[in-house]
Structures are given as structure tokens and as C-alpha cells.
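Visitor: I am attaching a structure below and will ask some questions about it afterwards.
Residue numbers (my numbering): 33 to 273.
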């Protein structure tokens, strides 16, 4: 009987000693879980804020690009109106009208392409006015023709300056050469377009003799331009004396 009582007393004492310890340890798990959840929420909020800022920056970039395009289109429209007025002006020299008309055509094409870029298109469809991708064997020829076109424009500007400087003979000679070069460039461009768009609608490489003819035309244009540059430099030197 005494032994049973002692055993019961010891059990009671042990239970009383253990219970406070267990009571202290029980809140530890909920506290650790709450801290982990708070940290996870903070990470989620940070990621959401980062994503929001990124989307906002992209939207701002799109708005700025749209504003830039609209501004460029507006500038081109104003330039187009000015060119048309200049063509119709009675005091505009006849030699300059052809160049102005070409500039108007180029500007109208650029304006049409710019408007087409603003028109939304379905995924996988080419944009209106998009230039076809040139194959490597034709890209170099196209770049040379574009360069020749820019040089011809510079020659025409030089001729206009000479005309204004009361040197009409030399100015007319420059204009005649520029017109001849333009005809050759136009022929070369037509040949390039034929090679780009064959019977099946895709780029078709031309025979070697066509490529050689185009290279000869490019070399001829370069020689003509060198002669013209030498003539202009000579005129500048003589005018400075």
C-alpha cells in the first residue's frame, strides 16, 4: 500500500515537472511557422512588385515608341506638303522638279510604310510594306545601289549649287551625268527585283553573267562618281583663288 502511494506520488511529481516544459515548447512551432509564412509573403510581394514595375516600364517604352512614330509621321507629312508646294512653284527650275518628284515618291512610300507599321497584324503575317529579306548573294548589290542613289542625290545638290553660283554649263553637265547614272541604277534595280521575285514568288538567283553585268554597272557608277568628285574639288579650288 505504501509502495503504491509512493509510486503515485512520484508520477504526480514527474507529471508536474514535465508539463511546464511542454507548455513552453508548444508555442515554438506556431511561431516558426508564422515567421516562414511572413517571409514567403514578403518574397511574393517583392516578386509581384518587380513584375509590376517591369510591365509598367514596358508600357512606357511602347508609349514612347508610339509617340516617336507619330511625331516622325507628322514630320514626314509636313515635309511632303512643302515638297509639293515647291514642285508647283513657278520659280522652281525644271531640272530640280524631277528630283523633287522623286523625293516626293520616296517620302510617300516611307509614309505608307510608317502607317502600315502602326496597323496591328496577326501573328505570323508579314507587316504591310515590310521589305523582303534579301539573300546574301543579292544583299551586297542592293547596298551598292542604295549608296549609288545617295551619291547621285549629292551630285544633283552640287549641280543646284553651281546653278545658283551662275555656273550653268558645269551644272548642266553634272545634271546630265546624274540622269545617265540614274537610268543605269534604275535598270540595275529592275534586274535586282526580277532576281528577287522569280516565277514562284521567291528569291531566285540569277545566272553568273547577270551578276557580272551588275558588278560592271556598279564599277562604272563608281568611276563616274570619282570623276564628278574630282571636278567638284577642282571647282572649289579654282573658286577659292
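Glycine residues also receive a C-beta, built at the ideal position from the N, C-alpha and C atoms.
1) Which ranges does the alpha helix (DSSP H) cover as unbroken runs of at least 4 residues, wholly within the stretch 159-218, from first to last along the chain?
2) With DSSP as the reference, label residue 123 as helix, strand or coil.
3) So, using beta-carbon positions, are residue 136 and residue 107 closer together than 9 Å?
4) Determine the contact status of residue 131 and residue 188, defining contact as a CB-CB distance below 9 Å.
5) Would you kindly work out how many angstroms separate the C-alpha atoms of residue 197 and residue 120, rounded to a whole number?
6) Exposed or buried, which one is residue 210 when buried takes at least 16 other CB atoms within 10 Å?
7) For residue 190 versus residue 224, is the C-beta spacing smaller than 9 Å?
8) To the nearest angstrom, how far is the alpha carbon of residue 89 from that of residue 67?
9) Should residue 98 be listed as close to the ligand GDP, given that the test is whether its C-beta is under 8 Å from any heavy atom?
10) Is the separation between the beta-carbon of residue 146 and that of residue 101 shorter than 9 Å?
11) Less than 9 Å between the C-beta atoms of residue 202 and residue 143, yes or no?
12) Taking just the CA atoms, how far does residue 221 sit from residue 208?
13) Between the alpha carbons of residue 226 and residue 91, how many angstroms are there, rounded?
Guide: Quick answer:
1) Runs of the alpha helix (DSSP H) lying entirely within the stretch 159-218 and spanning at least 4 residues, in chain order: 168-196.
2) Position 91 of the chain shown, counting from 1, holds the residue named residue 123. When DSSP states are grouped into helix, strand and coil, residue 123 belongs to the coil group.
3) Against the chain shown, residue 136 aligns to sequence position 104. Against the chain shown, residue 107 aligns to sequence position 75. Inclusion of residue 136 and residue 107 in the CB contact set at 9 Å is not warranted, their separation being larger than that value.
4) In the chain shown, the residue the question calls residue 131 occupies position 99. In the chain shown, the residue the question calls residue 188 occupies position 156. Annotated as proximal: residue 131 and residue 188, with beta-carbon spacing under 9 Å.
5) Taking the first residue of the chain shown as 1, we reach residue 197 at position 165. Taking the first residue of the chain shown as 1, we reach residue 120 at position 88. Their Cα atoms are separated by approximately 23 Å.
6) As a first step, residue 210 must be located in the chain shown, where it is residue number 178. Counting Cβ neighbours within 10 Å, residue 210 comes out buried, since at least 16 surround it.
7) As a working note, residue 190 is residue 158 in the chain shown. As a working note, residue 224 is residue 192 in the chain shown. For residue 190 and residue 224, no; Cβs fall outside 9 Å.
8) Within the chain shown, the letter at position 57 stands for residue 89. Within the chain shown, the letter at position 35 stands for residue 67. Rounded to the nearest angstrom, the two C-alpha atoms are 33 Å apart.
9) With respect to the ligand GDP, the structure shown offers nothing to examine, as it has no ligands at all.
10) Counting from one through the chain shown, the residue named residue 146 turns up at place 114. Counting from one through the chain shown, the residue named residue 101 turns up at place 69. Yes. Within cutoff.
11) Taking the chain shown and counting its residues from 1, the one referred to as residue 202 is at position 170. Taking the chain shown and counting its residues from 1, the one referred to as residue 143 is at position 111. No, Cβ-Cβ distance for residue 202 and residue 143 is not below 9 Å.
12) Locating residue 208 in the chain shown gives position 176, where the first residue counts as 1. Locating residue 221 in the chain shown gives position 189, where the first residue counts as 1. One Cα belongs to residue 208, the other to residue 221, and the distance between them is close to 20 Å.
13) On the chain shown, position 194 is the one that residue 226 refers to. On the chain shown, position 59 is the one that residue 91 refers to. Those two C-alpha atoms are separated by around 42 Å.
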